[in-house]
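Counting in full-length UniProt numbering, the sequence shown runs from 1 upward without gaps.
No residue lacks a Cβ here, since even glycine has one placed at the ideal position from N, Cα and C.
To keep things clear, I will list the structure first and then write my remarks on it.
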Amino acid sequence: MANQYTDETIASVQAANDVVDIVGEYVQLKKQGRNFFGLCPFHSESTPSFSVNQEKQIFHCFGCGKGGNVITFMMEIEGFSFRQAIEFLADKSGHTLPKASETNKKEPSTEEQAILEAYQWLTKLYHHLLRHTKDGKKGLEYLYQRGYSDESIDTFQLGYSPQSKDFILQFLENKGFHRQTMVKAGLLTTNDQQNYVDRFQGRIIFPIRNAIGKTVGFGGRSINGQDPKYLNSPESPVFQKSKLLYNFDLARSEIRKKSEAILLEGYADVIAVHQAGAKNGIASLGTSLTDAHASILRRYVDTVLICFDGDDAGQNATYKAIKLLKNAGCTVKVANLPKGYDPDSYIQEFGATSFKENVLQASSSEMTFLINHLKKNFNLQHEGDRIRYVESIIGEIALLKSPIERDHYIRDLSDQFDLSYDALNQDLMSRIRNNSKNDDNRQDFGHTKDGNHLMNRRNQKVLSAYQNAERRLIAYMLQNAHVAERVKNRLGSKFNLEQHQIIVTYLYGFYEEGNEPNSSHFLTYIEDETIRKLIVELSMLDCSWEITDKEMDDYIRTILAEQTDHVRIKQLEQEQKLLEKTDPVKAAQIAMEILKIKQQSKNGASF
């Protein structure tokens with residue numbers, strides 16, 4: 001894995017990038033005891049099972065089993081190769097990497113890498129054309145008329161694609177990009193004559209970046225009457241709209257600082273809100289909010305403020321977004337935009353101060369929005385509709401976590417419709433009980449006071465005594481080279497489980513090379529993902545740095561006893577087989593003896 005750079009270089013890059021800081025850019029972490037916990041970025045969950053240990057510089061999810069160090073985290077979260085992860089982290093920490101050897105200097109170019117490179121080149125080109133050419137003057141004047149500042153144009157790297165069929169084609173070919181690959185990337189299209197042309201010609205360009213700031217798609221805004229008005233890049237290996245949020249890379253630090261994200265509907269709204277001083281605005285990309293979007297937001301922040309258009313379509317989209325965000329575990333607020341306005345048009349007419357004070361700061365709770373929004377579906381002059389409306393609102397109130405909030409809204413319903421508070425509350429309690437029954441299928445996670453152990457209680461396996469002994473012994477060895485040397489002298493690699501044998505063999509070599517105990521660094525020596533996961537799991541076990549002689553003797557005796565028992569069981573099984581036809585009684589006695597040995601060897605509990 002680590003053949004690109006020396007161990008010293010890798011260790012230096014790791015040391016300069018704290019795993020809590022790097023993971024914290026993708027997951028909202030909270031300190032609990034020795035560890036930090038958050039929602040796992042690799043699988044969907046509502047209860048945090050993802051743990052990061054700053055002292056050992058490793059992470060581990062007790063739900064899905066993912067684990068590793070800061071390098072493997074970037075490989076998993078961004079799909080980087082080992083080399084790409086090292087280079088990304090080195091760049092992030094200001095490290096200058098030595099040049100790789102000629103044999104390893106260049107990785108084979110993949111289609112995905114080619115697409116990414118093309119997008120980076122075109123981002124720069126489109127921005128240059130907008131800023132510094134005669135062709136781009138029309139686009140620049142349009143942006144100024146819409147109220148875009150020079151700072152925003154540069155911050156968001158806005159650009160312009162000229163009204164030319166082959167300018168972009170020639171540029172890409174001169175850079176060595178294949179036409180068909182660029183069609184697949186959505187940068188070029190083919191017409192009826194099978195000619196290749198720029199997909200975005202004659203449009204303002206909005207670069208769409210991923211979480212690490214790399215352009216992966218474009219949004220093109222027509223300024224000369226072309227249809228459609230907005231044109232996005234198509235889905236590609238690097239561009240998946242359902243998993244990307246516009247401006248997330250720039251807004252992320254502000255989202256974390258304010259503990260709140262502003263969810264908007266489009267590029268123009270995000271930039272307008274940014275210019276108004278709210279730097280934590282993001283938007284979905286021409287599609288409705290998805291479960292993936294909601295999960296991403298929940299990992300970073302508790303509260304999401306929805307600020308969609310004030311028309312019926314915007315209000316319907318708000319209703320759907322509330323449901324998704326609540327299911328993901330977010331606290332939701334809704335901005336109060338007047339009907340007929342979007343954030344961009346409101347700011348242009350009333351100004352930034354009014355927008356902040358009368359729209360963002362005057363936001364309502366999601367329940368206030370739902371109470372008003374659901375009224376549109378009922379004719380409250382009719383008794384039947386009134387009852388159905390009240391029942392629908394009680395269903396929403398039952399989803400609230402706070403008893404105080406539930407009581408508040410039930411009393412409001414009681415007063416508004418002159419209904420019995422007790423009757424409404426009885427209906428509410430019934431719905432809450434039903435919701436609780438439905439929640440019983442969710443996984444039950446628990447952790448100790450110091451936050452060191454977090455495991456799925458329902459799937460917890462009870463391990464045999466020798467398995468526990470081997471796991472505990474390796475946990476000590478991973479953090480103490482002296483313990484590893486003592487085990488090596490007494491036990492060598494005579495562990496019963498093959499995976500444990502592999503780990504200790506590599507660990508002996510790791511220490512022989514003069515390395516200090518460092519689970520995070522040790523992981524870079526291991527190619528097999530299953531073994532890496534096990535090393536992380538064992539590194540997370542709660543044990544002290546030193547082990548007593550008695551404890552080590554007990555572990556080693558238990559490990560060796562399993563091997564003796566294994567040999568003895570094999571011998572007895574052979575005797576049993578010979579006696580089954582000639583002496584069934586004796587064969588049965590041997591079977592009982594085998595069972596007794598197996599039961600004795602399994603006396604132990606899981607860690």
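By the CB criterion at 8 Å, V197 and L187 fall outside the cutoff.
Residue burial is scored here from C-beta neighbours: Y421 has fewer than 16 other C-beta atoms within 10 angstroms and is therefore classed as exposed.
Taking 8 Å as the cut-off, the beta carbon of I205 is found no closer than this to the beta carbon of G277.
Taking 8 Å as the cut-off, the Cβ atoms of M75 and A118 do not count as close. Here L305 is actually not in contact with L244; their C-beta atoms are around 20 Å apart, not less than 8 Å. Residue range 281–283 is occupied by the beta strand (DSSP E) that includes A283.
Looking only at T368, Q145, L125, the smallest Cα-Cα distance to F171 is reached by L125. Contact check between the stretch 571–590 and the stretch 492–503: fewer than three CB pairs, one atom from each, fall below 8 Å, which does not count as touching. Just so you know, the alpha carbons of S354 and D302 end up roughly 26 Å apart. In this structure A261 touches N280 by the C-beta definition: roughly 6 Å separates them, less than 8 Å. When the beta-carbon positions are compared, A469 and T368 stay at least 8 Å from each other.
Burial state of Y144 is exposed, judged by a 10 Å Cβ sphere holding fewer than 16 other Cβ atoms. With fewer than 16 other beta carbons inside 10 angstroms of its own, P338 counts as exposed. Secondary structure at S81: coil, using DSSP grouped into helix, strand and coil. In this structure, the alpha-carbon of I526 lies about 29 Å from that of L116.
Closest in alpha carbon position to S253, among F510, L497, E25, is E25.
Here D542 is exposed: its Cβ has fewer than 16 other Cβ atoms, across all protein chains shown, within 10 Å.
Between I223 and N247, the CB-CB gap reaches or exceeds 8 Å. Residue environment: A321 is assigned as buried (16 or more neighbouring CB atoms within 10 Å of its CB, all protein chains considered). DSSP, read as helix, strand or coil, puts L172 in helix.
Within a 10 Å sphere around the beta-carbon of N372 sit fewer than 16 other beta-carbons, which makes this residue exposed.
Distances from the CA of P237 to each of T215, D554, P48 were compared; the closest alpha carbon is that of T215.
The C-beta distance from H274 to S152 rounds to 6 Å, short enough to meet the 8 Å contact threshold.
Cβ atoms of N69 and S520 come within 8 Å of each other, at about 4 Å. Burial is judged here by how many other beta carbons sit within 10 angstroms of a residue's own beta carbon; L473 has at least 16 and is buried. Per DSSP, reduced to three states, the secondary structure at S539 is helical. Comparing alpha-carbon positions, the option among F36, H60, Q28 lying closest to L538 turns out to be H60. Annotated as distal: H43 and G67, with beta-carbon spacing of 8 Å or more. Distance from the CA of G147 to the CA of F156, rounded to the nearest whole angstrom, comes to 14 Å. As the crow flies, the alpha-carbon of E45 is around 14 Å from that of Y300.
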